[in-house]
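Encoded as structure tokens, the structure appears first; notes follow it.
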Amino acid sequence: MKLHFEPDLDYQMQAIEAVCDLFRGQEICRTEFTVTVKAPAADAPAGQQMTLGVAESDLGVGNHLALSDEALFKNLNSVQLRNGLPPSPSLASGDFTVEMETGTGKTYVYLRTIFELNKRYGFTKFVIVVPSVAIKEGVYKTLQITEAHFKDLYGGEPFDYFLYDSGKPGPVRSFATSPTIQIMVATVGAINKKDVNNLYKESEKTGGEKPIDLIKATRPILIVDEPQSVDGGLEGRGKEALDAMNPLCTLRYSATHVDKHHMVFRLDAVDAYERKLVKQIEVASATVEDAHNKPFVRLVRVENKRGRISARIELDKQTSKGVQRDEVTVCDGDDLQQSAEGRPIYAGFRVGEINTAKGEAFMELRYPGGEVFLQPGQTHGDVDALAVQREMIRRTIKEHLDKETRLQPMGIKVLSLFFIDSVDKYRRYDADGRPTQGVYARLFEEEYRRAARMPAYRGLFAGIDPETAAADAHNGYFSIDKKGGWTDTAENNAGNRENAERAYNLIMKEKEKLLSFSTPLKFIFSHSALKEGWDNPNVFQICTLRDIQTERERRQTIGRGLRLCVNQDGERVRGFETNTLTVVATENYEQFADQLQKEIERDTGIRFGIVEQHQFAAIAVTGPDGQMAPLGLAQSKALWEHLKAAGYIDAQGKVQDALKAALEHGTLALPAGLEAQKGPITEILRKLSGRLDIKNADARAQIPLRKDPHGKALYLSDGFKALWDRIKHRTAYRVQFDNARLIAECTAVLQQAPPIAKARLQWRKAGIAIGKAGVAATEKTGAATVTLDETDIALPDLLTDLQDRTQLTRRTLASILTGSGRLNDFRRNPQQFIELAAETINRCKRLALVDGIRYQKIGDDQFYALELFEPLTGYLKHMLPDTRKSIYEHVVYDSAVERDFADALEKNEAVKLYVKLPGWFKVPTPLGSYNPDWAVLVEEDGAQRLHLVVETKSSLFTDDLRDTEAARIQCGKAHFNALAQGDNPARYLVARSVEDLWVERDKASS
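So the sequence shown is numbered by the numbering used here: it starts at 282 and just counts up by one.
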């Protein structure tokens, strides 16, 4: 297969133009110098051989910049405004930044920029500096496969390229003396150590010169790939090594810059996603549920803040809503049972030593009978990790085969990546050095053979032996030691860099081969060899069998699969309908989206939902001379100030709901002189604002108290006062119940309670949308549940735990549990059974209390005063407007039943006035406070009055109501009965409609 490169992609050309236009006005010129071989002086120290001189010898050719700093600065600001970037206040250095999202062709852009700079200005010397062997090999591979492409584009312009090898510095002399385009590719590790690096030593292979002196004389244009990993900071060794080359300028390319020197072009994650230049992302999240039967502890991180050493851990806390996993901060000696709100399962668990040393961070966890040292991300007391990882491998294979079924007919080869925590889990070596399968390889082949037998994938395996296919479908890419064995990847010394280079050579040489149907390899396992520098366009699944939550690496991980896919002809295939990257991770999708947004904000400086002052500077306007020109920074700032004054943004530029509403309804007000630019301004603001969260129907409105024709509040009328005096008093209750009856009811209800589930792995799938307003996750089809077997659970003390939760005696609890016949469920999932039994017993206990409840008025001075009535607010969509009989001008309802009831009250002539009782009007009950629905005054023939407190329900049958609802209604009835004193007391009733009020009237008159 031969990959095709598209020469006219607009965003790539814009990035190239941004750099080339920096030098507008520069003439084609070059500098020449001599590279000579001089005999050492007679008194020179032994060993000195050759120096840079001016005698006759080879002619050196270098870059030359004739442009003044003023002209360069003017060009810089012009480029920045054209590309919608804030203009730099001064020309602080010769560094210029290009930001391009992973997967959008960054390497192609800077390589083509080399040829454009040569064509326009005659520059010939270029040094590409990269942070790792992986990226070095990737750049070299790209140079190889684009060589013919660039020669076609640039009329066969000759060029040479080579990988700098400190052991073979000879090509540096050719780099200095050749008049054609010269490209040197080097890792920062090969140039940044002056005391040991051959770059800074004289060498016969360079004619006696120091290679660094030859490079300096050429004044190369430096191209730094991933500068945040090269520099070592603004004053780091990497930056020193770059400056030592005496560059004409430095061009810095990355998706995640730390130091943004003179930004000239930006294609960030949001732009790339919105323009569909990369794959869309979805996450298949695997979360473990109902697995709280072990003392789970996960070390998140350790901290040393002003000498206070602590650890942030995750554990399973007891809450009012049951056991929930939560993060807490702990210090040396802390009791984890207290941290978990008293859960007995953590008895004896304490925090020991906490070490915050870089690279050696750990927390000692002490427990009865032992101790364990946890590193960040590691857990103790979790479910079987291999059981979860098997399910993740199974899900990845399913996602892969689903896509293969759909994309194979289109000529698209599907690849999947597994990132693992250590090589030996994929491949081991026996005592004789022979390779054997690690646990991941074994699990993969078992699951792949299982999938091959499924009817849905039968067409993919026609005529293929599943046994052979399973072995051929996967392989690992890891560092290779000198004996040929695999090892964990690290590039912290020369030996490890050599190991890595052997692996990367293999990977890069097979880049196109992997895309061909003729290669059976489809699933790639890697430790960190593929972390950066290796991108294959046809990666459609990425599964992280290591903990992605502990590493700030979501963008780095998904970056390996963002490129748009290619078919068997090497042609790019576009569109989200084809290009979807599925990330399989043990993290719920909301967390994934939230953390991804934070990483994008941290890595790129994007401020989601923020309008910047320079945001509109590049908008085209027609000048007085009729020519088009950018709006400019001054007018952009003026427009920003207008938006702030109008309340569309706050002082920090954060988008307000007023702007969202104005965009939604087309009512955006702009300064008079900018009406012609309303279209592009609105488009920029719409992207930054996102969707309007609060729709018209959800708008809140003030609800004033109604007044009569004389201006008096209706709630102060004699009629309402008479009603209120009958219902306003507070009461207290006393209870008594039958213990034998309680045991019988608890036993019966526990028998009928829902079944107890084992711990399970819950799969959910969500699409991830990246926009200027933020990262959003939307759940889609693909949910599934998998049961996990936990065979090593230590059973807690059931009776003691339930005794603490219910305050019943052990004897009573034992009677209930044995009578229910459900103790096997306790062994199945202890924590879930305890929570179910406790809730069931407490519920029965509350209902038993209600059966024997008695209310008594507290006193004449304990009541709800009329002065508590005040204007309300409510949502328009839950409001009956413009009522005539309510003491409020509108009625807020909670259900269709309440809406219809209020409407009927309005239409019935016998109803004189009513109120939807406010939330502060409460009746105390053993099940919590109860708020009745209505107070109604009925009057007939101008004399007979009926004072009613009404609870509206869709059914009058107790069996149709929830137990707690029925119990609260029973309490309400007892409360108002206690207040039924004197003539014509208030009556309490449950009603479906207004007609039920007349039934109560008839009772009262009979």
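C-beta: ideal position from N, C-alpha, C; glycine also.
Can you round the beta-carbon distance between residue i and residue j to whole angstroms, since I take them to be within the 8 Å contact cut?
i, j, result
"ILE1340", "CYS824", "This structure does not reach residue 1340, given that the chain is present from 282 up to 1287, and the question cannot be answered."
"ALA1058", "GLU871", "6 Å"
"ASN860", "MET691", "The Cβ separation is near 12 Å, so there is no contact."
"GLU380", "VAL559", "About 14 Å; that fails the 8 Å criterion."
"THR1012", "GLN1137", "6 Å"
"VAL1173", "GLY1155", "4 Å"
Let me check understanding here. Comparing Cα to Cα, which of the options lies closest to residue i?
i, options, result
"HIS681", "ALA733, ASP1163 and GLU641", "ALA733"
"ALA565", "MET673, THR600 and GLN908", "MET673"
"ALA522", "TYR435, VAL410 and VAL545", "VAL410"
"VAL1217", "ASP746, VAL1275 and HIS1256", "VAL1275"
"HIS271", "ALA1029, GLU852, LYS1197 and ILE502", "No statement about residue 271 is possible, as the shown extent of the chain runs from 282 to 1287 and does not include it."
"ILE881", "GLY840, GLN894 and LEU348", "GLY840"
"LEU924", "GLY904, GLU893, PRO905 and ALA910", "GLU893"
"ASP613", "VAL583, THR600, TYR292 and ILE626", "VAL583"
"ARG1124", "ILE590, GLY1209 and ASP1163", "GLY1209"
"GLY1100", "VAL1030, LEU951, THR1087 and LYS1203", "VAL1030"
"LEU969", "PRO985, GLY436, GLN937 and PHE857", "GLN937"
"ALA754", "SER799, GLY740, GLY343 and GLY375", "SER799"
"THR378", "VAL453, ASP506, THR1093 and GLN1084", "ASP506"
"ASP1082", "GLU1120, PRO657 and ASP1070", "GLU1120"
"GLU641", "ALA628, ARG647 and LEU655", "LEU655"
"ILE472", "ARG676, THR863 and LYS491", "LYS491"
I need the DSSP call for residue i, collapsed to helix, strand or coil.
i, result
"GLY375", "coil"
"GLU1220", "strand"
"TYR445", "coil"
"ALA467", "strand"
"ASP974", "In this predicted model, ASP974 has a pLDDT of only 38, less than 50, meaning its place in the structure is not dependable enough to derive any value."
"ARG841", "coil"
"ALA336", "Only weak support exists for where ALA336 lies, its pLDDT of 30 falling under 50; the coordinates are left without a value."
"ILE635", "strand"
"GLN849", "coil"
"ILE472", "coil"
"ALA752", "helix"
"SER1096", "helix"
"MET673", "helix"
"ASP274", "A query on residue 274 cannot be resolved here, the shown segment of the chain reaching from 282 to 1287 and no further."
"LEU1089", "coil"
"GLU570", "strand"
"CYS1125", "helix"
"TRP1215", "strand"
"PHE1018", "coil"
"LEU826", "coil"
"ILE1037", "coil"
"MET544", "strand"
"TRP1201", "coil"
"MET294", "helix"
Excluding the 5 residues flanking residue i on each side, which residues of the same chain have their C-beta closer than 8 Å to its C-beta?
i, result
"PHE431", "LEU392, ARG393, PHE396, GLU438 and PHE440"
"ARG855", "LYS557 and LEU845"
"ALA325", "Unreliable placement is indicated for ALA325, whose pLDDT of 48 sits below 50; the coordinate value is still reported in the next sentence. So no residue of the chain qualifies."
"ASP350", "LEU372"
"LYS598", "VAL604, GLN605, ARG606, ASP607, VAL609, SER620, ALA621, GLU622 and ARG624"
Taking only beta-carbon atoms, is residue i less than 8 Å away from chain D?
i, result
"LEU955", "Among the protein chains of the structure shown there is no chain D, as only one such chain exists."
Given 7 Å as the limit, tell me if residue i has its C-beta closer than that to any heavy atom belonging to the ligand GDP.
i, result
"CYS301", "Absent from the structure shown: the ligand GDP. Ligands present: none."
If you drop the 5 nearest sequence neighbours on each side, which residues of the same chain put their C-beta closer than 7 Å to that of residue i?
i, result
"CYS1252", "VAL1131, ILE1134, VAL1204, THR1206 and TYR1211"
"LYS918", "GLN894"
Contact between the stretch 957 to 965 and the stretch 1169 to 1183 is defined here as three or more beta-carbon pairs at a separation below 8 Å; is this criterion met?
No, because fewer than three Cβ pairs between the stretch 957 to 965 and the stretch 1169 to 1183 fall closer than 8 Å, the two stretches do not touch.
Are at least three pairs of beta-carbons, each pair with one atom in the stretch 896 to 905 and one in the stretch 864 to 882, less than 8 Å apart?
Contact fails: fewer than three Cβ-Cβ distances are below 8 Å.
Is it a yes or a no for the stretch 1046 to 1053 touching the stretch 556 to 564, going by three-plus beta-carbon pairs under 8 Å?
When Cβ pairs closer than 8 Å are counted between the two stretches, the stretch 1046 to 1053 is seen to touch the stretch 556 to 564, the count reaching three or more.
Okay, do the stretch 610 to 619 and the stretch 568 to 575 touch, 3+ Cβ pairs below 8 Å being the bar?
No, because fewer than three Cβ pairs between the stretch 610 to 619 and the stretch 568 to 575 fall closer than 8 Å, the two stretches do not touch.
With three or more beta-carbon pairs closer than 8 Å as the criterion, would you say the stretch 1109 to 1124 touches the stretch 1145 to 1152?
Flag = no, the stretch 1109 to 1124 and the stretch 1145 to 1152 do not touch.
If we count Cβ pairs, one from each stretch, closer than 8 Å, do we get three or more for the stretch 457 to 469 versus the stretch 495 to 514?
These segments touch.
Would you say the stretch 354 to 368 touches the stretch 291 to 308, given that touching needs at least three Cβ pairs under 8 Å?
Cβ pair count under 8 Å is three or more, so yes.
Could you check whether the stretch 1087 to 1099 touches the stretch 1018 to 1037, counting it as contact only if at least three pairs of C-beta atoms, one from each stretch, sit closer than 8 Å?
With the cut-off at 8 Å, the stretch 1087 to 1099 and the stretch 1018 to 1037 touch.
Could you say if the stretch 698 to 707 and the stretch 717 to 737 meet the contact criterion of at least three C-beta pairs nearer than 8 Å?
Look at the beta carbons and you see the stretch 698 to 707 touching the stretch 717 to 737: at least three pairs across the two are nearer than 8 Å.
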